[in-house]
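Since the structure comes first, as structure tokens, the remarks are kept for the end.
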Amino acid sequence: MTARFKKNRGMRGHVSAGHGRIGKHRKHPSGCGNAGGQHHHRIFMDKYHPGWFGKVGMRNFHLIKHGKVCPTINVERVWSLVSQETREKFAKDKSKAPVIDVTKAGYFKVLGKGKLPEQPVIVKARYFTKEAETKIKEAGGVCVLCA
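Following the numbering used here, the numbering of the sequence shown begins with 3 at its first residue and continues without gaps.
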């Protein structure tokens, strides 16, 4: 905002600039920022910010952020990780089966949603659900666990 629009332009010539003679406009009369939350501003903190002070829960000293990450893929999408040509090639020759490593595509766990084509496939993953395992085996495939 430019100086000519500020309130103080209109206050020129008035001694206290609208802040009063008795109370006076001092810098930070009740402290800066969140000062006094447990003291002179306690009623305000309790009323509008309950639970601001204190702790909750347990501490996890050696927190590993990526420890619980487990990207999943459904059985119905496993074939989408290989090309259409590969699929057609192995559809003709059923004696061999393609190896689909889902960990290379960034997935760790294979879930059992959807249908698999009646075509054997070797699926490598860290984890399989029971349903996924049965569907892969019914299609004539194999589940390989890899760390």
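We put the CB at the ideal spot given by N, CA and C, even for glycine.
Comparing C-alpha positions only, which one of the options sits nearest to residue i?
i    : options             : result
V101 : G142, G15, R14      : G142
V84  : A134, V112, V104    : V104
W54  : N36, H68, I124, M60 : N36
E133 : N76, K106, H21      : N76
K106 : G25, R128, A5, K96  : R128
K98  : I24, V144, H43      : V144
Taking only the alpha-carbon atoms, compute the straight-line gap between residue i and residue j and give it to the nearest angstrom.
i    : j    : result
F63  : V71  : 19 Å
K117 : I66  : 36 Å
P31  : M3   : 26 Å
F7   : R28  : 23 Å
C148 : V123 : 16 Å
T136 : R61  : 40 Å
K2   : W81  : Residue 2 lies beyond the residue range present for the chain, which begins at 3 and ends at 149; the question has no answer from this structure.
G2   : P73  : In the structure displayed, the chain extends from 3 to 149; residue 2 sits before or after that span and is not available.
K139 : G108 : 23 Å
A93  : E120 : 9 Å
F46  : G39  : 8 Å
H51  : H41  : 14 Å
V1   : V58  : For the chain, the structure presents residues 3 to 149; residue 1 sits outside this window and is missing.
G33  : A5   : 28 Å
R79  : K96  : 20 Å
Give the DSSP-derived three-state secondary structure of residue i in the structure shown.
i    : result
A19  : coil
I24  : coil
R134 : Note that residue 134 corresponds to Ala in the displayed sequence, not to Arg. Helix at A134.
A2   : With the chain represented from 3 up to 149, any question about residue 2 goes unanswered, as that position is not in the structure.
K126 : strand
Within the same chain, show all residues whose beta-carbon is closer than 6 Å to that of residue i, passing over the 5 residues directly before and after it, in chain order.
i    : result
K126 : D103, V146, C148
R44  : none
Spatial neighbours of residue i within its chain, please: C-beta separation below 8 Å, excluding the five flanking residues on both sides.
i    : result
T205 : Outside the shown range of the chain (3 to 149) lies residue 205, about which nothing can therefore be said.
N10  : A19
H21  : H27
Give a yes or no on whether the minimum CB-CB distance between residue i and chain D is below 8 Å.
i   : result
I66 : In the structure shown, chain D cannot be found, because there is only a single protein chain.
Between residue i and the rest of its own chain, which residues show a CB-CB distance below 7 Å, the 5 nearest in sequence each way excluded?
i   : result
R89 : W81
H68 : none
*What alpha helix (DSSP H) runs, 4 residues minimum, are completely inside the segment 41-113?*
For the segment 41-113, whole alpha helix (DSSP H) runs of length 4 or above, ordered along the chain, are 44-50, 86-94.
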